[in-house]
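Novice: Top to bottom, those sequences are chains A and B. Residue numbering for the first sequence follows full-length UniProt numbering, starting at 1 and increasing by one per position. Residue numbering for the second sequence follows full-length UniProt numbering, starting at 1 and increasing by one per position.
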Amino acid sequence: MRYQNATAYRFLAPYLLIFSIFWLWPIISSFLISFQATRTVPWRFAPTFNWGRLIGDPAFFNALKNTLLILVIQVPVMITLAIVMAVLLNSPLLKARGLFRFAFFAPVVVGEVAYSAVFRLMFNLDYGIINKLLNSVGLPRIDWFSNVTPAMAVIMIAVTWRWAGYNAIILLAGLQSIPQDVYEAATLDRVSKLKQFFYITLPLLKPIIVFCAVLSIIGTMQLFTEPFLITERGGPGGGTETLGLLLYRQGFRSLNFGYASAIAYTMAGLAIAISLVQLWLTRDPK
Amino acid sequence: MAAVTLKNVVKRFGVFEIVHGANIDVNDGEFVVFVGPSGCGKSTLLRMIAGLEDISGGEIAIGGKVVNNIEPADRGIAMVFQSYALYPHMSVEQNLSFGLRMNGNPKADTERRVKRASEILRIAELMKRRPRQLSGGQRQRVAIGRAIVREPQVFLFDEPLSNLDAELRVQMRVEISRLHKELGVTMIYVTHDQTEAMTLADRIVVLNAGNIEQIGAPLDLYDDPANRFVAGFVGSPKMNFMAAKVVGNDEGAAIVALANHCGAKLRKPLSGAPPAVGAEIVLGVRPEHFFEAGEGDCDIAVKADVAEHLGSVSYVYANAGPEELIIEREASRQRANGDQMVVSIKAGRSLLFDKSGARIR
Ligand SMILES: Nc1ncnc2c1ncn2[C@@H]1O[C@H](COP(=O)(O)OP(=O)(O)O)[C@@H](O)[C@H]1O
Ligand SMILES: [Mg+2]
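As structure tokens, then:
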């Protein structure tokens, strides 16, 4: 028995080794680094140096505010949209289901840089299609990237476009696992399609919805690509700077690894905390 | 309460015709069982009555009113599904009351109906549980309870017992029978199990590949099947079929020679015209209708291969040439290892079928 275990571990050893070096160690190491002053050589242990700076840093609170703002608006909108898309995909009336499924999922596999470039073009002040459309219905064009509110809106629209279909596919799997005869029983009970959706579909889909919400919260907490590429490093004037961007700026521009680590741990802690609250709020009443 | 009438009902899925013109009259308060092998269209027929499937042709009337274009909820029916189809996220109580609550039924009336259903089915102590916390039999009760709460004119059951173990099935069968007596309401019940059909039904509708083979009381189907399919389907173990040939006529009786039994001959009186001499026919004998040698009208010798002793009776699997016969013996304790065995057939306890399977009476 013992011998067999040893053999198993010997087979696992290469994986465990790589796992420890490239995964476990960075996690531990960055935690330790967050307690060190890293602007001086050699680094020295100073527990309040980074964490103390964090709680008084307006840039941090700006990034935190922006991240949370995107989170509370974009995630619910996207999940709602994803549910609607999933229900439409699941409709027996829909033709060419496979095509739609692919189309909804496609944004996830499009390269981030390419998609960001396309969004910049679409929202371009002078020749972007969005402003052309606004003009054509008699609305004034919007300078999307020079003002904070429209810039935030572009980021939320972009992130929603990219991930709504992905969530819709997950939700679709959930929808398809609800047995058809439950709906037939409800039809015999004279329950309208709309009430069936609210009283049967949504409650039965709840675990999947929560799963999607937690995934999205974790993803949005780490938001980086869109504010980096679409609104050009959190512009205008830091108005769309997220925690992910701040971390990048501190870690890779200013090479302040200690502070960047502290930010990283704050992000992870917040993602976990918000997800737990979410799970707690939507738990099954016993 | 209501009668249910099907007139030339046809069902097509795309180009496939699944039900080919069904005519069935279910009387008010009657318990009718649709029975037939899997895939013969029983569920489809039931779902058309419920309104869950469109009717491709013909007419269905419930309580004298044609319901072809009436919504399922307005047909005065309730259905119990094979998979129970309980709402998984609701307690038993909520499952029972859901339909009424959604339709703004007065609260006191809803409570009264739920209470009554829970008493009839003895599920009062389960009211706060979720479906997944119930056993199969309990779920089945809740599903029936949900139907009772609707106070329908017609109950529809689609193989309600097929997910239960054998013992529970017998128990629930009795309970459904009791429920029918208690409520006195029309019930249409679908099953592939002929035992369930025989024990529950006032009348049975035997279906095969979308056709109605025969409609009749259980014992009428047993005694007087219209054709070889019904004869083989009703009764357990199945009726034996032996190849035979008409070798003569005698005052309205056919003289039949059994092909695989050295030409053993049986004189079978018929009410109609006997078939032509030389016609190839089939003789049907139920396992329980073999008699001791010499007691019947025609003795045959068979080789007994295997015997199943059930206690009160035994079933001997015997063969004669290419034919396998199942023979019921009372209180036999004999082993069968290829022993020769002579049994006897009575003309009055055998049936004749022509090549196409139609009965020769
Ligand atoms: N929605 C459907 N589309 C196409 N064929 C169907 C559909 N439902 C049932 N059928 C076919 O109709 C036949 C009868 O089905 P069903 O009524 O379920 O049989 P059963 O007697 O076992 O209840 C089967 O051959 C089945 O394949
Ligand atoms: Mg069926």
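Ideal Cβ placement from N, Cα and C applies to all residues, glycine included.
Strictly by DSSP, which residues pair up with B:Gly104?
Specialist: Paired residue(s): none; B:Gly104 is not in a bridge.
Novice: For A:Ala103, which option in A:Leu133, A:Val77, A:Tyr166 has the closest C-alpha, if you only look at C-alpha atoms?
Specialist: The shortest C-alpha separation from A:Ala103 is found at A:Tyr166.
Novice: When the Cα atoms are used, what is the spatial distance from B:Pro322 to B:Ala231?
Specialist: C-alpha separation (whole angstroms): 21 Å.
Novice: In three-state terms, what does DSSP make of A:Lys206?
Specialist: Of the three classes helix, strand and coil, the one that applies to A:Lys206 here is helix, per DSSP.
Novice: Using DSSP with H/G/I as helix, E/B as strand and the rest coil, what is B:Ser344?
Specialist: Note: B:Ser344 maps to strand in three-state DSSP.
Novice: What is the residue span of the alpha helix (DSSP H) that B:Phe31 lies within?
Specialist: No alpha helix (DSSP H) holds B:Phe31; the beta strand (DSSP E) holding it covers 31-35.
Novice: Using 10 angstroms around the beta-carbon of B:Arg178, count the other beta-carbons present and answer buried if the total reaches 16, otherwise exposed.
Specialist: The residue is exposed, with fewer than 16 neighbouring Cβ atoms inside 10 Å.
Novice: What residue range does the beta strand (DSSP E) around B:Gly284 cover?
Specialist: 280-285 is the extent of the beta strand (DSSP E) around B:Gly284.
Novice: Which bits of chain A does B:Ala85 rub up against, with CB to CB less than 8 Å?
Specialist: Those are Pro179, Asp181, Val182, Glu184, Ala185, listed as they occur along chain A.
Novice: By the criterion of Cβ-Cβ separation under 9 Å, what are the contact partners of B:Ala73 in chain A?
Specialist: Those are Thr187, Leu188, Asp189, Arg190, Val191, listed as they occur along chain A.
Novice: Per DSSP, which one or two residues make a beta bridge with B:Asp158?
Specialist: According to DSSP, which records beta bridges pairwise, B:Asp158 is partnered with B:Val190.
Novice: With 16 other CB atoms within 10 Å as the buried threshold, where does A:Pro207 fall?
Specialist: Counting Cβ neighbours within 10 Å, A:Pro207 comes out exposed, since fewer than 16 surround it.
Novice: Return the residue from the list B:Gly252, B:Asp339, B:Leu156 that minimises the CA-CA distance to B:Leu45.
Specialist: Comparing Cα positions, the closest option is B:Leu156.
Novice: Can a CB atom of chain B be found closer than 8 Å to the CB of A:Pro203?
Specialist: Closer than 8 Å: yes.
Novice: Along the alpha helix (DSSP H) that carries A:Pro76, what are the first and last residues, could you check?
Specialist: A:Pro76 -> alpha helix (DSSP H) spans 58-90.
Novice: Count the other CB atoms within 10 Å of the CB of B:Ile345; is the residue buried (16 or more) or exposed (fewer)?
Specialist: B:Ile345 comes out buried.
Novice: To be precise: take each residue of the stretch 93-109 of chain B, compare its Cβ to all Cβ atoms of chain A, and keep it if any distance is under 7 Å. Which residues remain?
Specialist: Listed in sequence order: Phe98, Gly99, Met102, Asn103.
Novice: Using C-beta distances below 7 Å, list every residue in its chain close to B:Ala358, excluding the 5 sequence neighbours before and after it, in chain order.
Specialist: Result list for B:Ala358: Asn227, in chain order.
Novice: When you measure from the CB of B:Ser43 to every non-hydrogen atom of ligand 2, does any distance come out below 7 Å?
Specialist: Yes, the Cβ of B:Ser43 comes within 7 Å of a heavy atom of ligand 2.
Novice: Nearest chain B C-beta to A:Lys195 closer than 8 Å, yes or no?
Specialist: For A:Lys195, the answer is yes, since a Cβ of chain B falls inside 8 Å of its Cβ.
Novice: Would you check if the distance between the CB atom of A:Glu112 and the CB atom of A:Thr242 is smaller than 8 Å?
Specialist: No, the pair does not count as a contact, with Cβ atoms beyond the cut-off.
Novice: Considering only heavy atoms of ligand 1, does any lie closer than 7 Å to the CB of B:Ile18?
Specialist: Flag set: Cβ of B:Ile18 near ligand 1.
Novice: Count the other CB atoms, across all protein chains shown, that sit within 10 Å of the CB of B:Glu298; report buried if there are 16 or more and exposed otherwise.
Specialist: According to the sequence as given, residue 298 of chain B is Cys; it is not Glu. By the neighbour-count rule (16 or more Cβ atoms within 10 Å), B:Cys298 is buried.
Novice: Using CA atoms only, rank isn't needed, just tell me which of A:Asp57, A:Asn124, A:Pro140, A:Tyr15 is closest to A:Ala260.
Specialist: Nearest of A:Asp57, A:Asn124, A:Pro140, A:Tyr15 to A:Ala260, Cα basis: A:Asp57.
Novice: Using 8 Å as the threshold, is the C-beta distance between B:Val302 and B:Met341 below it?
Specialist: Result yes, Cβ atoms of B:Val302 and B:Met341 sit closer than 8 Å.
Novice: For a cutoff of 8 Å on Cβ pairs, would you count A:Ile200 as touching chain B?
Specialist: Judged by the 8 Å Cβ criterion, A:Ile200 is in contact with chain B.
Novice: Where does the unbroken beta strand (DSSP E) through B:Thr5 begin, and where does it stop?
Specialist: Note, B:Thr5: beta strand (DSSP E), 4-13.
Novice: Closest to B:Ser236 by CA distance: which of B:Tyr222, B:Lys245, B:Val246 is it?
Specialist: Selected option, being the one with the closest Cα: B:Tyr222.
Novice: Would you verify that the beta carbon of B:Phe157 is, or is not, closer than 8 Å to some beta carbon of chain E?
Specialist: Of the chains in the structure shown, none is chain E; the protein chains are A and B.
Novice: Please indicate yes or no: does the CB of B:Asp158 lie closer than 7 Å to some heavy atom of ligand 2?
Specialist: Yes, Cβ of B:Asp158 sits closer than 7 Å to a heavy atom of ligand 2.
Novice: Determine the contact status of A:Val75 and A:Ser216, defining contact as a CB-CB distance below 8 Å.
Specialist: In this structure, A:Ser216 lies closer than 8 Å to A:Val75 by Cβ.
Novice: Here's a check: name, in chain order, each residue in its chain whose Cβ is nearer than 8 Å to the Cβ of B:Ile300, leaving out the five neighbours to either side.
Specialist: Result list for B:Ile300: Leu258, His261, Ala264, Ala320, Val342, Val343, Ser344, Ile345, in chain order.
Novice: Does the count of Cβ pairs from the stretch 74-87 of chain B and the stretch 146-153 of chain B closer than 8 Å reach three?
Specialist: With the cut-off at 8 Å, the stretch 74-87 of chain B and the stretch 146-153 of chain B touch.
Novice: What does the Cβ neighbour count give for A:Gln250, buried or exposed, with the cut at 16 atoms within 10 Å?
Specialist: Flag for A:Gln250 reads buried.
Novice: With C-beta atoms as the reference, is B:Leu270 less than 8 Å away from B:Ala254?
Specialist: Yes, Cβ-Cβ distance for B:Leu270 and B:Ala254 is below 8 Å.
Novice: Taking buried to mean at least 16 other C-beta atoms within 10 Å of its own C-beta, is A:Asp189 buried or exposed?
Specialist: So A:Asp189 ends up on the buried side.
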